[in-house]
Structure formats: structure tokens, C-alpha cells
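S.K.:
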Amino acid sequence: GAGVSQSPSNKVTEKGKDVELRCDPISGHTALYWYRQRLGQGLEFLIYFQGNSAPDKSGLPSDRFSAERTGESVSTLTIQRTQQEDSAVYLCASSSTELDYEQYFGPGTRLTVT
Amino acid sequence: GESVGLHLPTLSVQEGDNSIINCAYSNSASDYFIWYKQESGKGPQFIIDIRSNMDKRQGQRVTVLLNKTVKHLSLQIAATQPGDSAVYFCAEREDNNNDMRFGAGTRLTVKP
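Sequence lines, in order, name chains A and B. Using my numbering, the first residue of the first sequence is number 1173, and each one after it goes up by one. Using my numbering, the first residue of the second sequence is number 1218, and each one after it goes up by one.
This is the structure in C-alpha cells:
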């Protein structure tokens, strides 16, 4: 079946603009994660959704970052008033349940803030 | 604070040799450890995982070793192939914490 997909694959935006990144998890996966990966670095956890439970937002770096997920489907990560330090690859991952730690990653969205 | 890190940022090996990628972690409460492979332009791909109640787990050409005494995790790749060239990340988490913490990664280059 289809894996995790993300769109757009690349996004260039001007400082101060808002951006919205989309993630389509694997069908049936109840858990969804967003990560940020800066150039040459590891992944930083941003936010976690599990079913209809309240999301774990503990990794969001500032209030400019927010994410939504409707049920067990698509998720969007929104960054408001983008800054140059927001430039990174944003990765989405899903897993079948909250007990399944094996995460399946999408290809990521490369965000460049000019 | 707690962190996951790697001993070496780069590793170069000859095709056919065995590779060992190391990872140190500091959170003694970690329950689960995982290795990911990330090729250029792609998302991380699961390789192998291990729970804290184990010290060794084998997959196809890969073995993960966990030494909880010194908080050390390693990934061994047998008969390394050019297709193994990638960045390898270790990650860890606690069962009651959604935060999967990743190390910075080791770039493995396989020379033909």
C-alpha cells in the first residue's frame, strides 16, 4: 500500500509569511508524528497525535507553530510569521497504534525561508 | 538534559567489510531503542529495534547491541554494500513518553 506522503516536497517562502505543510499518513495508522530536521542534524520531535486524544505538543518550539489532525487522517503543520531559523526539512511519520513504536516516515518537506 | 548522541559523525568502510556504528545515550529510563537509515532526500527508514530488556537482536545483515551498564548502543552491518551508504540515526524513547529522541547521525560511506 501507499506509504506516508507529504506535500509540498519543497517550499520557499519569504520571512514573515505563513506556511502550511501537509501529511497523509498510512491508512489506518492512528499515531502521527511531526519532526524537524535541520541540515546535518538529527530529528527534533515537534508534536504527536494519537487517535482522538489531545495531541502532545511538548516539542513545538514556539507559539508560531501549530498542527491539526482530523480524526485519523491528514495532518497539517502551520508555521506563522516564518523566520530564517525555521528553514529545515519537516518530516511526518505514522505508526499503526500508540503501542507500535516503529514509525514510517514520509519524504519530508524542505522549507527554505529567505 | 537527557540526550542521545553519536561517537563519530562519519565512517568510511571498504565494500565487503563489517561496519560498526556507535551511539551513546544518557537516559537510563529509556525503554526502547531504534536504528534508522536515511538516504539523501528521503525520510528515515526503520532498520532494527531493541527493547531495554534485551542486549542483542539480529536482523538480516544487521545486529543491534545494547549495553545498559554503559548506556551504549551499536549497529553492526555485515558485509557492507554500496547501498548501505547513508546517514544512520539511533533513537530512544520511554514507554510513557511520546518523544522519540534522535541522535545527530553518522554518515556511512562505503568505498567500492
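Glycine residues also receive a C-beta, built at the ideal position from the N, C-alpha and C atoms.
Taking buried to mean at least 16 other C-beta atoms within 10 Å of its own C-beta, is B:M1271 buried or exposed?
M.R.: Its Cβ having fewer than 16 others within 10 Å, B:M1271 is exposed.
S.K.: Could you check whether the Cβ of A:G1214 sits closer than 8 Å to any Cβ belonging to chain B?
M.R.: Answer yes: the Cβ-Cβ gap between A:G1214 and chain B drops below 8 Å somewhere.
S.K.: Could you pull out every residue in the same chain whose Cβ sits closer than 7 Å to the Cβ of A:Q1252, ignoring the five residues on either side in sequence?
M.R.: So the list reads D1190, R1236, once near-sequence residues are dropped.
S.K.: So A:E1274 contacts chain B; which residues on that side make the cut at Cβ distance below 8 Å?
M.R.: Residues of chain B passing the Cβ test: I1251, F1263, D1266.
S.K.: From B:I1265 to B:T1323, what distance separates their C-alpha atoms?
M.R.: The alpha-carbon atoms of B:I1265 and B:T1323 are separated by roughly 16 Å.
S.K.: Give the single residue among B:G1320, B:S1243, B:D1301, B:T1227 whose Cα lies nearest to the Cα of B:V1287.
M.R.: Ranking the options by Cα distance to B:V1287, first place goes to B:S1243.
S.K.: Going by CA-CA distance only, name the one from A:S1181, A:T1185, A:S1179, A:P1180 that's closest to A:D1258.
M.R.: Of the candidates A:S1181, A:T1185, A:S1179, A:P1180, the one whose C-alpha sits nearest the C-alpha of A:D1258 is A:T1185.
S.K.: Tell me whether A:E1192 sits in a helix, a strand or coil according to DSSP, three-state version.
M.R.: Reduced to three states, the DSSP call for A:E1192 is strand.
S.K.: According to DSSP, is A:D1228 part of a helix, a strand, or is it coil?
M.R.: Strand, per DSSP.
S.K.: At the 8 Å Cβ level, is B:M1317 part of the contact set with chain A, yes or no?
M.R.: Yes - at least one Cβ of chain A is within 8 Å of the one on B:M1317.
S.K.: Would A:L1232 pass as an interface residue toward chain B - the criterion being a Cβ-Cβ separation below 8 Å?
M.R.: Chain B, which has no Cβ nearer than 8 Å to the Cβ of A:L1232, makes this no.
S.K.: Taking Cβ positions only, does A:P1279 come closer than 8 Å to chain B?
M.R.: Yes, contact with chain B.
S.K.: Tell me, please, whether the CB atom of B:A1341 is closer than 8 Å to any CB atom in chain A?
M.R.: Absent from the structure is residue 1341 of chain B, since the part of chain B shown begins at 1218 and ends at 1329.
S.K.: Give a yes or no on contact between the region 1238 to 1247 of chain A and the region 1269 to 1280 of chain A, applying the rule of three or more CB pairs nearer than 8 Å.
M.R.: Segments in contact, no.
S.K.: Taking Cβ-Cβ distances below 8 Å as the criterion, which residues of the region 1295 to 1313 of chain B are in contact with chain A?
M.R.: Those residues of the region 1295 to 1313 of chain B that come within reach of chain A (Cβ to Cβ, closer than 8 Å) are F1306, A1308, R1310.
S.K.: Find out if the Cβ-Cβ distance for the pair A:P1197, A:T1281 is shorter than 8 Å.
M.R.: No, they are not a contact pair.
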